[in-house]
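Residue numbers (full-length UniProt numbering): 1 to 759.
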Amino acid sequence: MFGEKPFGVVLRGLRQQGRLTIEELAEASGVSVRAIGDMERGRSRVPQRRTVMALADGLGLADAEREALLAAARAGRPAGAVAIVTGQAPRQLPPDLATFRGRTEALASVDGLTSQVAGQGGHVVVSAIGGMAGVGKTTLAVHWAHQVADRFPDGQLYVNLRGFEDTGRPLDPGEALGGFLRALGVPSSDVPRGTAERSALFRAHTTSRRLIVVLDNARNEEQVRPLLPASAGCLTIITSRSRLSGLAVAEGASLVTLDVWTRQEALAGLAARIGEERCRAEPEAAAELVELCGFLPLAVAIVGAQLSASPEVPLRLGVRELREARPRLDALSADDPQVDVRAVFSWSYRALTPSTARFFRYLALHPGPSMSTEAAASLAGADLAAARRQVRALTSVNLLSRDADGRYVLHDLVRAYGTELVEREGDDRLGAERRLMDYLCHNAFTASRVLDTQPNDDLPGSSGEGVIRVAVDSREEALEWFRREEPTVAAAMRALDDPQLLRYRMNLTRDWVGYYSVMGRWADEIATKRIGLEAALVLDDPTAIARNSQNLARALAAMGRVDEAEEQVALMLELLPRLGSAEQAITERSIGFVRGRQGRHSEALHHARRALAIYRRLGNRGGVARVLKAIGWYLTLLGDHRQAIAMCEEALPILRETGNRRSEAATWDSIGYARQRLGQLEAAIADYQRSLRLYEEAFDAYNQADVLDHIASAHLERGDGAQARASWARAAELLTTIGDPRAEEMRARATEAEARSSC
1 MFGEKPFGVV
11 LRGLRQQGRL
21 TIEELAEASG
31 VSVRAIGDME
41 RGRSRVPQRR
51 TVMALADGLG
61 LADAEREALL
71 AAARAGRPAG
81 AVAIVTGQAP
91 RQLPPDLATF
101 RGRTEALASV
111 DGLTSQVAGQ
121 GGHVVVSAIG
131 GMAGVGKTTL
141 AVHWAHQVAD
151 RFPDGQLYVN
161 LRGFEDTGRP
171 LDPGEALGGF
181 LRALGVPSSD
191 VPRGTAERSA
201 LFRAHTTSRR
211 LIVVLDNARN
221 EEQVRPLLPA
231 SAGCLTIITS
241 RSRLSGLAVA
251 EGASLVTLDV
261 WTRQEALAGL
271 AARIGEERCR
281 AEPEAAAELV
291 ELCGFLPLAV
301 AIVGAQLSAS
311 PEVPLRLGVR
321 ELREARPRLD
331 ALSADDPQVD
341 VRAVFSWSYR
351 ALTPSTARFF
361 RYLALHPGPS
371 MSTEAAASLA
381 GADLAAARRQ
391 VRALTSVNLL
401 SRDADGRYVL
411 HDLVRAYGTE
421 LVEREGDDRL
431 GAERRLMDYL
441 CHNAFTASRV
451 LDTQPNDDLP
461 GSSGEGVIRV
471 AVDSREEALE
481 WFRREEPTVA
491 AAMRALDDPQ
501 LLRYRMNLTR
511 DWVGYYSVMG
521 RWADEIATKR
531 IGLEAALVLD
541 DPTAIARNSQ
551 NLARALAAMG
561 RVDEAEEQVA
571 LMLELLPRLG
581 SAEQAITERS
591 IGFVRGRQGR
601 HSEALHHARR
611 ALAIYRRLGN
621 RGGVARVLKA
631 IGWYLTLLGD
641 HRQAIAMCEE
651 ALPILRETGN
661 RRSEAATWDS
671 IGYARQRLGQ
681 LEAAIADYQR
691 SLRLYEEAFD
701 AYNQADVLDH
711 IASAHLERGD
721 GAQARASWAR
731 AAELLTTIGD
741 PRAEEMRARA
751 TEAEARSSC
């Protein structure tokens, strides 16, 4: 029908045949008015397949007409850079998409780079735009180039270097240079054969020109360097999935890293494709759609194109289909590999070495939002040195990124792709998950012993092969390890539910008690302990049932949920005959704690004395000291303050001997509380201060706040409202840092104390 006519002529004919203006076609296809006009007049390079398909969709072409348009595009597209009419300034940029949205910060950053060149010249600016597959690097580069094209009167050069594409064969720099030289008016007969000679000639021809050079989809620095122009008036824009940090070092390149869209940018991008009206009509569905796409521009574009083709389909139906798609990437597939999320990811994956590819697959099994190097190494069964090399390799090609805390992050869709590969390659998924749980259990045990300093008959055991053991030598290091791995533990508890991992789940919950107690994180401890208790009940392990029930009951009682705590007390009482003596003592002590929180102080004292008798019989001095401290507390609550002080003073030397700072701190707090009740206010405040210092050394913010509450009450009792206010204000600050709701109560007391002191 259209014979051998140029692409622009074919496009114009089809548009006129459909009785569409350029503006109407631009709106229907998402390709800008300027781009369509340039294509029809032959002033721009022949577009890529995805742009041709967008135009065909906008024109509503039948199969035969669509094929005619594609054929015209193929006929007009030589390899490498696309040449232009001799004698004109080159205009090789792909069309600027009308659907471009967002990237305000990135554009502001690159606009500053442009100004360095467009003014008086200055240094050659080489800007490398990096980011993961599908994040919109090319779209940003092309949009930027179009926005500033008028500042570079000698034209624009563009080449797709095919660094990461289905062919697996990056474009040879010499071939790209040949296209550039011909575009600059060098006759084919004068183009040298060697890459070095072509590069030298290219630099000579760009010395006095003001050009934009876009080097798209570069594989590495070696592919790019021969293509850099020499003129101080040229702007070079490079996109790559690799970091290209070598260009920053040697060529002074400015590196711009693109992340996925923000939520608002993703919503704007979706609205640009399906219409503002549809998004406004179903705002919650639109928000969930872009979230399911992981805010990845390519994924949003695919979903937008699917919904645009079916304007009658409600967005909520699209949400359901995307949410239920198994695997998720099937819903983000397309006939064109250039716009298929799985295919685009695969090009990055195939560029990896076999060892890095295997490491990547195992990282995809990590259940949490981010991971430490140690956790990553354990998953893959690698040593730390090898793991560090592998995460650097994956980060350099943007399959992996880092968050503000230095942990490594896999995008949700990249994770889904990696998980598919695990199944395809037959990797040992259970073995990797077992290593991760072993890593968490073993190091949590070590860190909790340092943090809690309470003797424990259990032994850490040896970690499995390929599991990283972390050196934890101080309370600061212990707390830091817990903070770093807490998101992984929470995710592992939810996601790693293979029956063969039950004992790991049970043991892991045991060793987070000390951390949650120090942080006052009772709600988190309750959720975790319920998981551990369920696992222990399935395994019918009486000791594990008791341990989890003890800690669950303590956390419930601490939060005032006494009825639920009573259920655990009943379970512990039922278990007592099945337990060994040491475990019976711990259980009796825990029941006493719950009874104390319930206000049943006589019963609390009874259970504490039973625990004390067992500990004395076993010769467990550490246990004796801890229970003496508890007995002292219950006695003072019952009004026997002098006997309470005696019990606590008996405990103190043993606690110092065993190095149990937190229990020693609690003992001084109990002594201070008893002395305050005896009217010995100055002595009580001194005891409280000793307790506070010990809790500070233990980094225990939760109990520091409790002691400050006691100090404030003693100051108020002796008429010092200002000191009371200061102590309550400090308690409020500490509770705020750990997210404890009692912070507001402490602030209210501080305000009341200030009002009293001003009267």
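Here a beta-carbon is modelled for each residue, glycine too, at the ideal position from N, C-alpha and C.
Remember, it's a predicted structure, so these values are computed and weren't measured experimentally.
Just measuring C-alpha positions, the residue of R50, Q704 and H715 sitting nearest A731 is Q704.
The C-beta distance from A729 to A750 rounds to 4 angstroms, short enough to fall under 8 angstroms. In terms of Cβ geometry, F445 and D541 do not form a close pair [threshold 8 angstroms]. Membership of A309 in any beta strand (DSSP E) is not indicated, and neither H nor E is assigned to it by DSSP. The C-alpha of R494 is placed about 22 angstroms away from the C-alpha of A447. In this structure, L655 lies away from E649, with their beta-carbon atoms at least 8 angstroms apart.
In this structure, DSSP gives M746 a helical state, which the three-state scheme calls helix. Within the same chain, and ignoring the five residues on either side of T262 in sequence, the residues whose Cβ sits closer than 8 angstroms to its Cβ are G102 and F295.
L365 and L451 have their C-alpha atoms some 30 angstroms from each other. DSSP places Q156 outside any alpha helix (DSSP H); the residue lies instead in the beta strand (DSSP E), whose first and last residues are Q156 to N160. With a cutoff of 8 angstroms on beta-carbon distance, A285 and L315 are scored as near each other. The continuous alpha helix (DSSP H) containing N703 extends over residues A701 to E717. In this structure R326 is exposed. Its beta-carbon is surrounded by fewer than 16 other beta-carbon atoms within 10 angstroms. In the pairwise beta carbon analysis, the stretch 216-231 is classified as not touching the stretch 105-116: fewer than three pairs are separated by under 8 angstroms.
Counted as a single uninterrupted DSSP element, the stretch harbouring V135 is not any beta strand (DSSP E), since DSSP gives it neither H nor E. In terms of CA proximity to T488, V409 leads the group V409, V397, D498 and L61. Here A724 is buried: its Cβ has 16 or more other Cβ atoms, across all protein chains shown, within 10 Å.
Spatial neighbours of P192 in its own chain (CB-CB distance under 7 angstroms, excluding positions within 5 residues in sequence) are listed in chain order as R198 and L201. Only exposed fits T737, as fewer than 16 other CB atoms lie within 10 angstroms of its CB.
Distance from the Cα of A380 is smallest, within the candidate group V414, D412, N398 and V422, for V422. Fewer than three beta-carbon pairs drawn from the stretch 234-254 and the stretch 267-285 are found closer than 8 angstroms, and the two stretches are therefore not classed as touching. Excluding its 5 nearest sequence neighbours in each direction, Y615 has C-beta neighbours in its own chain below 7 angstroms: A585, G623, V624 and V627, listed in chain order. Where A218 is concerned, the enclosing beta strand (DSSP E) starts and stops at I212 to A218.
Every unbroken stretch of the alpha helix (DSSP H) spanning 4 or more residues and falling wholly within the stretch 600-639 is given here in chain order: 601-618 and 621-637. Cβ-Cβ distances below 6 angstroms link Q598 to V562 in the same chain, with the five nearest sequence neighbours on each side left out; the list follows chain order. The Cβ atoms of V467 and Y439 lie closer than 8 angstroms to each other. Look at S127 here: in three-state DSSP terms it is strand. Taking the Cα of G246 as reference, the smallest distance to any Cα among T353, W144 and V126 is reached at V126. Residue Q689 holds the alpha-carbon nearest to the alpha-carbon of D706 among D720, D190, Q689 and E717. Secondary structure note for V538: it is in no beta strand (DSSP E), and the uninterrupted alpha helix (DSSP H) holding it is W522 to L539.
S254 carries a strand assignment under DSSP once its states are collapsed to helix, strand and coil.
In the assembly as shown, Q390 is a buried residue. Its beta-carbon has 16 or more other beta-carbons within 10 Å.
Taking every protein chain shown into account, the CB of T587 has 16 or more other CB atoms within 10 angstroms, so this residue is buried.
From the listed residues S208, S242, T207 and H606, the smallest Cα separation to V224 is found for S242. Check the Cα spacing between A536 and each of A301, A555, L501 and M559: the tightest is with L501. Burial check for T21: the Cβ neighbour count within 10 Å stays below 16, so the residue is exposed.
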